[in-house]
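*Asks:*
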Amino acid sequence: MIEMNRRALLRTAALAGAAAATGLAAATPAAAAGTTEVINGPWLVSVGWGVLQVNHGRTTPQQLLTDGDQATTSPDGRYVAWVNNAWSGDGSLLPYVSLFDRVTGEIRKLLADPPGTNNYGAPTWSPDGREIALVMGSAHDTLVAVDVATGAKRVLVQGHAMSYPNWSRDGSMIVMRWVSRSQGPQLRTLELATGKVRPIYTPEAAGELFHGPVFMPNSERVVFCTNRWTRDTEVLGGAALGSVRTNGTGLKRLTEEPRYYQSPVFSPDGRYCAALSIPPTNEAPDGGNIIVSTSGFGDQWWIPGDEYDDSSRLDWARAI
């Protein structure tokens, strides 16, 4: 009974935005500006054709951006970086990486390349907010860091197919999905001080699906989605969240019930982990809803709201 009451409280807090119960409440800009405390803001859901914002206490998302994909917010919560890889024949839509200012509503293009010359991957912010790292190239084989102020690029590593980069909160590493020519897909970390790339996870068997690596807030472990333990399940897209230390040891399964997981992300205050998932009540799952876990992954609850069809990425913004 105690456990049921706790779960009910968490669900109620997710819907009502009660800070005292969960720490998930959104603050007004004035309240956020007057404190140094990290306050969790809204979720951003990239749906391929644009970006939705899901505010705490609301069940219907609002349209934040009308085009682009793979959106992520800066550490201070002010800016949203996102990419567009589509283009139109009349030139009205071209590939780009842009920044959206959540305070002023202004949009600034950071990168823009002719169609076909670059395929932009998901961006990730440096913890000081000065750079964005993302994979580029027609084969996604170059990881660059882009200066947010100038748009200048520096190559971090190249020569292998990469995806899903994530910058550690201590600024020392970037983790990514990496395709080794001899060993196949892996998770690898790039040590920024030395430029060394090290494997931290290799799948147990050929055909294992794994993706979405993200550092835990203490930068000591990486959480990712995998069907390593759930390949025999009949649940559509059934997988689990797992974690591994940054030295490649201590592989651990974090969630027990097989379900679809995509794009795990930690809250700005580091107390929660959210992901896109599919409730078992969905008769025709073709998108995702938001599922939230405590940092220990012992409790999970759904954020009430719409299904986000064909969603590709979830981010959790800091309140501004």
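Numbered per the numbering used here, the sequence shown spans residues 1200 to 1519. C-beta: ideal position from N, C-alpha, C; glycine also.
If you pair each beta-carbon of the region 1367–1380 with each one of the region 1402–1417, do three or more pairs fall below 8 angstroms?
*Replies:* Touching, yes, given that three or more Cβ pairs across the two stretches are closer than 8 angstroms.
*Asks:* Quick one: what's got a C-beta closer than 8 angstroms to residue 1329's C-beta in the same chain, skipping five residues either side?
*Replies:* Same-chain partners within the cutoff: 1346, 1347, 1348.
*Asks:* So for residue 1499, helix, strand or coil by DSSP?
*Replies:* It is a strand residue.
*Asks:* Run through DSSP, which three-state label would residue 1392 get?
*Replies:* Residue 1392: coil per DSSP, three-state reduction.
*Asks:* Roughly how many whole angstroms lie between the Cα atoms of residue 1320 and residue 1512?
*Replies:* When rounded, the distance between both Cα atoms is 12 angstroms.
*Asks:* With 16 as the cutoff for other CB atoms within 10 Å, does residue 1385 come out buried or exposed?
*Replies:* With 16 or more other Cβ atoms within 10 Å, it is buried.
*Asks:* Can you tell which of 1236, 1253, 1270 has its C-alpha closest to the C-alpha of residue 1503?
*Replies:* Looking at the Cα atoms, 1253 is the closest of the given residues.
*Asks:* Rounded to whole angstroms, what's the CA-CA distance from residue 1471 to residue 1357? Just pull it up for me.
*Replies:* When rounded, the distance between both Cα atoms is 33 angstroms.
*Asks:* Grouping DSSP H, G and I as helix and E and B as strand, with all else coil, what is residue 1490?
*Replies:* Reduced to three states, the DSSP call for residue 1490 is strand.
*Asks:* Would you identify the three-state DSSP class for residue 1410, choosing helix, strand or coil?
*Replies:* Strand.
*Asks:* Contact defined as beta carbons within less than 8 angstroms: I believe residue 1247 pairs with residue 1509. What is the distance between those atoms, to the nearest angstrom?
*Replies:* Correct: roughly 5 angstroms between the Cβ atoms.
*Asks:* What is the rounded straight-line gap between the Cα of residue 1380 and the Cα of residue 1296?
*Replies:* So the two alpha carbons sit approximately 29 angstroms from each other.
*Asks:* Less than 6 angstroms between C-beta atoms, sequence neighbours within five positions excluded: which residues of the same chain meet that for residue 1352?
*Replies:* Same-chain partners within the cutoff: 1343, 1345.
*Asks:* Return the residue from the list 1401, 1245, 1479 that minimises the CA-CA distance to residue 1448.
*Replies:* Checked all of 1401, 1245, 1479; the closest Cα to residue 1448 is 1401.
*Asks:* Applying the criterion that 16 or more other CB atoms from any shown protein chain within 10 Å of the CB defines a buried residue, is residue 1507 buried or exposed?
*Replies:* Buried, by the Cβ-count rule.
*Asks:* Using the rule of at least 16 other Cβ atoms within 10 Å of the residue's Cβ for burial, across every protein chain shown, is residue 1398 buried or exposed?
*Replies:* Exposed, since its Cβ has fewer than 16 Cβ neighbours within 10 Å.
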